[in-house]
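**Q** In the numbering used here, the protein residues as written are 19 to 606.
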């Protein structure tokens, strides 16, 4: 392919102007980008400092609130009346039991109303098989809840536990006997909705979102519902690196993440904000930076436009025309509006194309005429040889007095000669060519009724309408009889099969003739591959050249050793190119 000279390209006025302007403008554009990024970085750092301060204060307030709840929880845990209720229940009468239970319910209710973060507080007494809560008063013992929150034997501790999507503070009253289960469990359930409301107070922007993450569980509470799993992964990653600030990419969108952690509660509070919200205050600066950059580039384009229009574009048009000519297109004409040097070049180019097209047309017509002459020569070679054999067969049938077979044979012989003498037709349907070849095979079966068996498959329907040159299959069958099978004394085999796949039709003629050597097959291949106009024309060469001329270099004859140890000849035709190529040959 024609290449634009590198030396000329470097000296192009158009390229020089663009490079010069870019050298002047790019430093200014880069300076503007640097100032923008510097401003964004400062804004991001200021936001992180303010957000971290808020998160730290939030976590401190939550710590204090939880510590106060734990103090009250332990106070209830050590309440004498509650302990007496759990230990001496069987010794109390009904009035005393009711009075003590009412006391416990009242205390739980008072404790619940003292903090907005408490959703409910309950006590689960194992010894009396009852549960008491501020919300439900006295009810049946919740064994599952007791088992979930009881502390290991010998341990009394307050801790924050995640269970069923909520957070709990749990404390157990032990009996003092090693290995025995707690007398009762005091359980505080935190109000998730109130926690969400408190998380919303941390937001510095409307698009901010906050959430709590537990260190050792899958618990995560978002300010607007359950925390997004991908953003949770980002916060957990930030938690592992012990960095308070990071950036995270989620579904192609960047987020600014900040986090504060409480070792006491084993909780982290975090907030995330889309980065575009951070950049929003810098929006006007960004707009003016873009305006400046675009205006600078437009100045380069406007100044260089005249050079592009009057020099570069005409040159590109000429180069593209040369490339089309290289690809084989000769119907090219280029016009130029101005009367300048390019007008002169275009005029001479058009004259050159016209002259070249004329020469190529003459050469192509001469080649087609030569191929037709070769076909006539081949017909003259085939007909006498076959005619001699036909008379010998007819003589043999006459000697036996088999009138019926003589009648069939002469009819087939007439059809055969009528087909090969249709000189006005160069191309026929493949179905007609195969019918003629099958008739020729039937004639030969009369000649070799016992020595040679024939397997002639049916032509697939999709291959019948393919246009092919006349006399491309029958000569191959004749070649198999004369050179491979004729001398066999018995068990001769001729097989004709058909295949079609991947835009290619294949007709396969193979035999089990007298041991053709690999060197002979290779020599035949070489003759086909180096066939030229000056080479002696043989039957195989003629067929190969006619097919390749019409259907292209990928079509023609392919020779190999047959599975029956004879010669295998494949006729390959690229069917997707068939229509256009046959029509082109017809115009020649």
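No residue lacks a Cβ here, since even glycine has one placed at the ideal position from N, Cα and C. Quick caveat: nothing in here was measured; it's all calculated off a predicted structure.
Less than 9 Å between the C-beta atoms of residue 217 and residue 84, yes or no?
**A** Here residue 217 refers to the residue found at position 199 when the chain shown is read from its first residue. Here residue 84 refers to the residue found at position 66 when the chain shown is read from its first residue. The answer is no: Cβ separation not under 9 Å.
**Q** Spatial neighbours of residue 145 within its chain, please: CB distance less than 8 Å, with the 5 preceding and 5 following residues excluded, ordered by chain position.
**A** Within the chain shown, residue 145 is the residue found at index 127, counting from 1. Excluding residues within five positions, the ones whose Cβ falls inside 8 Å are 104, 105, 107, 201 and 202.
**Q** In the DSSP output, what is residue 187 paired with across the bridge?
**A** Reading the chain shown from its first residue, position 169 is the one you call residue 187. According to DSSP, which records beta bridges pairwise, residue 187 is partnered with 178 and 206.
**Q** Using DSSP's beta-bridge definition, name the partner residues of residue 157.
**A** By one-based count along the chain shown, residue 157 stands at place 139. Looking at the DSSP assignment, residue 157 forms a beta bridge with 149.
**Q** So within the region 91-139, which uninterrupted alpha helix (DSSP H) runs reach at least 4 residues, ignoring any that extend past its ends?
**A** 98-105 and 112-131
**Q** Go ahead and pull the three-state DSSP assignment for residue 232.
**A** Residue mapping note: residue 232 aligns to position 214 of the chain shown, counting from 1. Correct three-state label for residue 232: strand.
**Q** How would you label residue 507, buried or exposed, when you count the other beta carbons within 10 angstroms and need 16 or more for buried?
**A** Counting from 1 along the chain shown, the entry for residue 507 is found at position 489. Residue 507 is exposed by the Cβ-count criterion.
**Q** To the nearest angstrom, how far is the alpha carbon of residue 551 from that of residue 565?
**A** As a position in the chain shown, residue 551 is number 533, starting the count at 1. As a position in the chain shown, residue 565 is number 547, starting the count at 1. For residue 551, the predicted structure reports a pLDDT of 49, less than 50, and the residue's modelled location is therefore unreliable. The matter cannot be settled from this model.
**Q** Check for me: the alpha helix (DSSP H) holding residue 457 runs from which residue to which?
**A** For the purposes of this step, residue 457 is taken as residue 439 along the chain shown, with counting starting at 1. Run containing residue 457: 448-465, per the alpha helix (DSSP H) assignment.
**Q** Hey, how far is the Cα of residue 292 from the Cα of residue 132?
**A** As a working note, residue 292 is residue 274 in the chain shown. As a working note, residue 132 is residue 114 in the chain shown. Taking the Cα positions, residue 292 is about 37 Å away from residue 132.
**Q** Taking only the alpha-carbon atoms, compute the straight-line gap between residue 371 and residue 571 and give it to the nearest angstrom.
**A** What you label residue 371 is simply residue 353 of the chain shown in a count that begins at 1. What you label residue 571 is simply residue 553 of the chain shown in a count that begins at 1. Approximately 26 Å, taken between the alpha carbons.
**Q** Nearest to residue 278 by alpha carbon, out of 81, 502, 416 and 57?
**A** Translated into positions along the chain shown, residue 278 becomes position 260. Of the candidates 81, 502, 416 and 57, 81 places its Cα closest to the Cα of residue 278.
**Q** For the beta strand (DSSP E) containing residue 470, name the first residue and the last one.
**A** On the chain shown, residue 470 is found 452 positions in, with the first residue counted as 1. Residue 470 -> beta strand (DSSP E) spans 470-474.
**Q** Just verifying my parser: in three-state terms, what is the DSSP assignment at residue 66?
**A** Taking the chain shown and counting its residues from 1, the one referred to as residue 66 is at position 48. In the three-state reduction of the DSSP assignment, residue 66 falls in the helix class, which pools H, G and I.
**Q** So, does the CB of residue 203 fall closer than 9 Å to a CB anywhere in chain D?
**A** The structure shown contains no chain D, having only a single protein chain.
**Q** Quick one: what's got a C-beta closer than 8 Å to residue 562's C-beta in the same chain, skipping five residues either side?
**A** Translated into positions along the chain shown, residue 562 becomes position 544. 546, 549, 574 and 575, listed in sequence order.
**Q** Run through the DSSP bridge pairs and tell me what residue 517 is partnered with.
**A** Taking the chain shown and counting its residues from 1, one reaches residue 517 at position 499. Note: residue 517 sits in a beta bridge opposite 524.
**Q** Under 9 Å, do residue 502 and residue 536 count as touching if we go by C-beta distance?
**A** Counted from its first residue, the chain shown places residue 502 at position 484. Counted from its first residue, the chain shown places residue 536 at position 518. Contact: no.
**Q** Within 10 angstroms of its Cβ, does residue 147 collect 16 or more other Cβ (buried), or is it exposed?
**A** Residue 147 sits at position 129 when you count from the first residue of the chain shown. Around the beta-carbon of residue 147, fewer than 16 other beta-carbon atoms lie within 10 Å, marking it exposed.
**Q** According to DSSP, what are the bridge partners of residue 511?
**A** Translated into the one-based positions of the chain shown, residue 511 becomes position 493. Partner(s): 471.
**Q** If you draw a straight line from the alpha carbon of residue 97 to that of residue 272, how long is it in whole angstroms?
**A** Residue mapping note: residue 97 aligns to position 79 of the chain shown, counting from 1. Residue mapping note: residue 272 aligns to position 254 of the chain shown, counting from 1. One C-alpha to the other measures close to 53 Å.
**Q** Alpha carbons only, please: which of 178, 127, 168 and 159 is nearest the one belonging to residue 153?
**A** Translated into the one-based positions of the chain shown, residue 153 becomes position 135. Per the Cα distances, 127.
**Q** Closest to residue 513 by CA distance: which of 522, 475, 544 and 538 is it?
**A** In the chain shown, counting from the first residue as 1, residue 513 sits at position 495. Nearest of 522, 475, 544 and 538 to residue 513, Cα basis: 475.
**Q** Report, in whole angstroms, the separation of the C-beta atoms of residue 591 and residue 523, which I expect to be a contact under 8 Å.
**A** Along the chain shown, one-based indexing puts residue 591 at 573. Along the chain shown, one-based indexing puts residue 523 at 505. Correct: roughly 5 Å between the Cβ atoms.
**Q** On the three-state DSSP scale, how would you describe residue 583?
**A** Residue mapping note: residue 583 aligns to position 565 of the chain shown, counting from 1. Reduced to three states, the DSSP call for residue 583 is coil.
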